[in-house]
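**Q** Below is one structure. I have some questions about it.
2 protein chains.
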Amino acid sequence: MSEAPRPGRAADVTNPKPPMRESLVAAAFQLFVERGYEETTVDDIVALAGVGRRSFFRYFPSKEDVVFPDHEGCLAEMTAFLRDSGPTHEPVGRVCDAARLVLRMYAENPAFSVQRYRLTRKVPGLRTYELSVVWRYERALAEYLRGRFAGLRDGTLRADVIAAAVVAAHNNGLRSWLRSGGRSDARAEVDHALTHVQQAFGPDHAPGADPTREPAREPGSDASRAEDRNTGRDADRHADRDDDVVVVVSRRGAPLWRVVQEIETALGRDSD
Amino acid sequence: MSEAPRPGRAADVTNPKPPMRESLVAAAFQLFVERGYEETTVDDIVALAGVGRRSFFRYFPSKEDVVFPDHEGCLAEMTAFLRDSGPTHEPVGRVCDAARLVLRMYAENPAFSVQRYRLTRKVPGLRTYELSVVWRYERALAEYLRGRFAGLRDGTLRADVIAAAVVAAHNNGLRSWLRSGGRSDARAEVDHALTHVQQAFGPDHAPGADPTREPAREPGSDASRAEDRNTGRDADRHADRDDDVVVVVSRRGAPLWRVVQEIETALGRDSD
DNA sequence: CCGAACAGGGAACTGAGTGCCATGGGGCAT
DNA sequence: ATGCCCCATGGCACTCAGTTCCCTGTTCGG
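Protein chains in written order, with UniProt numbering: chain D, 1 to 272; chain H, 1 to 272.
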């Protein structure tokens with residue numbers, strides 16, 4: 001009863017649920033799979049949905065947007081997830097968890113996701129549009145990492161490269177799942193792929209270290225399951241790290257603040 | 001004369017030089033910088049170029065294509081470069097060299113590249129189009145790596161991740177150069193960025209061991225290192241790559257040889 | 001000299017996306 | 001209850017990208 005199903009209330013991103021959107025998406029996908037994306041005009045969609053043409057463009061800025069109706073909200077969710085991250089979170093693991101949010105969105109509607117995947121495979125215009133969507137995710141990850149790596153040597157470079165690698169790994173696992181028709185284990189595939197990246201770029205970053213070595217840690221970490229952003233799970237990394245040995249190799253005359261910074265990022269902790 | 005200046009001869013990518021293309025590109029860019037991309041219609045362009053509207057779409061499949069007139073040829077060049085690679089080439093280094101082909105294309109016309117960069121920054125439609133172009137480069141690299149990694153554990157995953165990382169690093173350096181207005185040392189910036197990736201993914205991790213490449217950094221590229229905002233001026237930072245700080249985190253209980261190996265790789269030496 | 005081939009031009013059409021205004025219903029104040 | 005206002009929707013007309021069809025001139029080959 002505390003929940004008022006008022007549709008006009010829509011100020012929040014997660015809230016607005018006028019059936020208009022839903023019926024437009026449904027009508028659009030029905031026609032897209034029936035006769036193809038490019039062979040379907042917006043007029044066809046609104047005719048089937050029984051609404052005016054002008055209303056379509058009130059709910060979707062373009063015809064392509066109707067194919068990705070949930071990404072805007074997911075991007076907002078990811079941005080919030082990263083914004084609410086504390087300085088104690090290990091950066092690379094954090095962006096991996098952020099990527100898992102996207103996977104979760106796909107996994108919520110397997111049938112829909114697979115249908116959409118087949119569409120985007122075929123239609124170049126949709127593929128391009130998907131690229132722009134993925135790019136925004138990647139930029140969100142990179143911006144977060146840039147903040148975490150600020151002041152570090154090659155900080156923005158590292159941020160950009162890691163963000164790209166995480167997105168590529170995530171997409172590799174995701175597409176493998178989509179190709180299987182949604183029958184394989186999406187979580188496992190993506191976790192495996194992300195672990196791969198974490199081994200190459202993680203805090204115990206050993207350049208050239210072969211990812212074929214043992215996984216240091218169980219992959220299925222936090223956020224995939226996490227409805228909660230605020231559980232104090234910050235400390236379990238700390239416990240996990242306690243039995244590590246830290247070797248610091250420092251150049252003679254290197255400023256001390258730099259040494260401290262490197263150690264901090266390596267451990268994923270913060271000095272304050 | 002073996003050279004026939006016939007314009008209709010155009011079967012080769014490097015050959016076709018009908019002035020039509022050139023004048024269209026010139027007219028388009030003049031208007032784009034004058035009054036903006038979206039404020040310029042195709043009719044404006046063809047009017048300035050003094051040709052018929054239909055001819056525009058004979059030379060460019062879309063309005064966006066006129067902004068990237070050279071990428072099609074560059075992609076073909078890259079594809080050929082990778083196709084002609086032998087099994088003796090180190091894969092990661094090879095895709096880095098392939099990426100350098102793109103840089104070279106940009107560097108051939110600095111003024112043009114910078115102008116275009118400023119355009120694509122502003123116009124979302126062009127940014128999206130550029131993403132699709134970059135995506136094709138990335139796919140070319142990934143396909144090559146997939147071939148080289150075929151049969152390996154997680155071969156396609158590694159291929160995709162490395163391709164994404166190489167592209168991200170290349171773009172990081174490239175954009176840094178573009179942001180400088182084409183005044184910094186593009187080669188040095190991109191080399192530095194790519195070296196970064198090679199250190200993370202190179203098989204034997206031998207950064208300086210590749211005899212085909214010059215030393216990655218020369219002292220003249222100080223401007224390119226402007227990102228170092230804290231400017232550790234006390235330390236001459238061009239001292240080869242084990243300057244600053246390297247941190248190695250190892251698990252307690254790990255065999256000592258592994259710790260030593262990690263330190264060695266962190267320092268950029270070979271373990272054997 | 002004739003015709004095939006082809007580069008270019010032009011008119012008309014489709015379809016996406018936008019601006020403007022009318023309508024209609026539901027809440028709110030008087 | 002009445003009148004007012006907000007806002008969601010619908011309808012119309014317009015711009016512009018991209019395409020289809022067809023016309024025109026030139027050039028080359030017979």
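Quick reminder that beta carbons are idealized off the backbone N, C-alpha and C, glycines included.
1. Determine the chain D residues that contact H/ALA168 at a beta-carbon separation under 8 Å, and present them in chain order.
2. Should D/ASN172 be flagged as near chain H, meaning a C-beta pair shorter than 8 Å?
3. Are D/VAL95 and D/LEU141 close, meaning C-beta to C-beta below 8 Å?
4. Quick one: what does DSSP say H/GLU138 is sitting in, helix, strand or coil?
5. Expressed to the nearest angstrom, what Euclidean distance is found between the alpha-carbon atoms of H/GLN30 and H/HIS89?
6. Anyone know if the C-beta pair for D/VAL114 and D/TYR37 falls short of 8 Å?
7. So H/TYR144 and H/LEU82 are supposed to be a Cβ contact under 8 Å. How far apart are they, rounded?
8. Under 8 Å between C-beta atoms, does D/TRP177 make it to chain H?
9. Would you mind sorting residue 339 of chain D into buried or exposed? The rule is 16 or more other CB atoms within 10 Å of its CB.
10. Hey, quick one: how far does the alpha helix (DSSP H) through D/PHE29 stretch, first residue to last?
11. What three-state label does DSSP hand H/VAL92 in the structure shown?
12. Distance check for H/GLN199 and D/HIS196, CA to CA, integer angstroms please.
13. I'd like to know if D/HIS196 contacts chain H, where contact means its C-beta is closer than 8 Å to some C-beta of that chain.
14. Kindly give me the distance between the Cβ atoms of H/GLU189 and H/GLY173, rounded to whole angstroms, as I take these residues to be in contact under 8 Å.
15. Please report the distance separating the alpha-carbon of H/ARG146 from that of H/ASP160.
16. Can you tell me the Cβ-Cβ gap for H/VAL51 and H/MET78, rounded? I've got them flagged as a contact below 8 Å.
17. List, in order along the chain, the chain H residues whose C-beta lies closer than 8 Å to that of D/ASP44?
18. Count the other CB atoms within 10 Å of the CB of H/ASP185; is the residue buried (16 or more) or exposed (fewer)?
19. Just reading off the alpha helix (DSSP H) that D/THR156 is part of, what are its end residues?
20. At a CB-CB cut-off below 7 Å, which residues of chain D make contact with H/LEU157?
21. Can you name the residues of chain D whose CB is closer than 7 Å to the CB of H/ASP154?
22. If we ignore side chains and look at the alpha-carbon of each, how far apart do H/ARG58 and D/TYR106 end up?
23. Put D/LEU152 into one of helix, strand or coil per three-state DSSP.
24. I want to verify the contact list: residues of chain H whose CB lies under 8 Å from the CB of D/SER180, in sequence order.
25. Only counting the same chain, and skipping five residues up and downstream in sequence, which positions put a Cβ closer than 8 Å to that of D/ASP43?
26. Assuming D/LEU101 contacts D/CYS74 under a Cβ cut-off of 8 Å, what Cβ separation, rounded to an integer in Å, is found between them?
27. Would H/PHE57 pass as an interface residue toward chain D - the criterion being a Cβ-Cβ separation below 8 Å?
28. Is H/ASP84 helix, strand or coil when you go by DSSP?
29. Under the three-state reduction of DSSP, which class applies to D/PRO124: helix, strand or coil?
30. If you follow the alpha helix (DSSP H) that H/GLU64 is part of, which residue opens it and which one closes it?
31. Given a cut-off of 8 Å on the beta-carbon distance, is the pair D/ALA164 and H/ALA168 in contact?
32. Which chain D residues are close to H/LEU103, counting only those with a beta carbon under 7 Å from its beta carbon?
33. Under 8 Å, Cβ to Cβ, is there at least one residue of chain H near D/LEU119?
34. At which residues does the alpha helix (DSSP H) containing D/ARG53 begin and terminate?
35. Report the neighbours of H/SER184 on chain D: residues whose CB is nearer than 9 Å to its CB, in chain order.
**A** In brief:
1. ASP160, VAL161, ALA163, ALA164, ALA165
2. yes
3. yes
4. helix
5. 43 Å
6. no
7. 4 Å
8. no
9. No statement about residue 339 of chain D is possible, as the shown extent of chain D runs from 1 to 272 and does not include it.
10. 19 to 35
11. helix
12. 16 Å
13. yes
14. 4 Å
15. 8 Å
16. Actually they do not touch by this definition, with Cβ atoms about 31 Å apart.
17. Those within 8 Å of D/ASP44 in chain H number zero; the least Cβ separation is about 24 Å.
18. buried
19. 155 to 179
20. ALA169, ASN172, ALA193, HIS196
21. HIS196
22. 40 Å
23. coil
24. Those within 8 Å of D/SER180 in chain H number zero; the least Cβ separation is about 14 Å.
25. ARG53
26. 7 Å
27. no
28. coil
29. helix
30. It is not in any alpha helix (DSSP H) - H/GLU64 carries neither H nor E in the DSSP assignment.
31. yes
32. Chain D residues near H/LEU103: none, gap ~15 Å exceeds 7 Å.
33. no
34. 53 to 59
35. What H/SER184 touches in chain D: nothing, since even the nearest Cβ is about 14 Å away.
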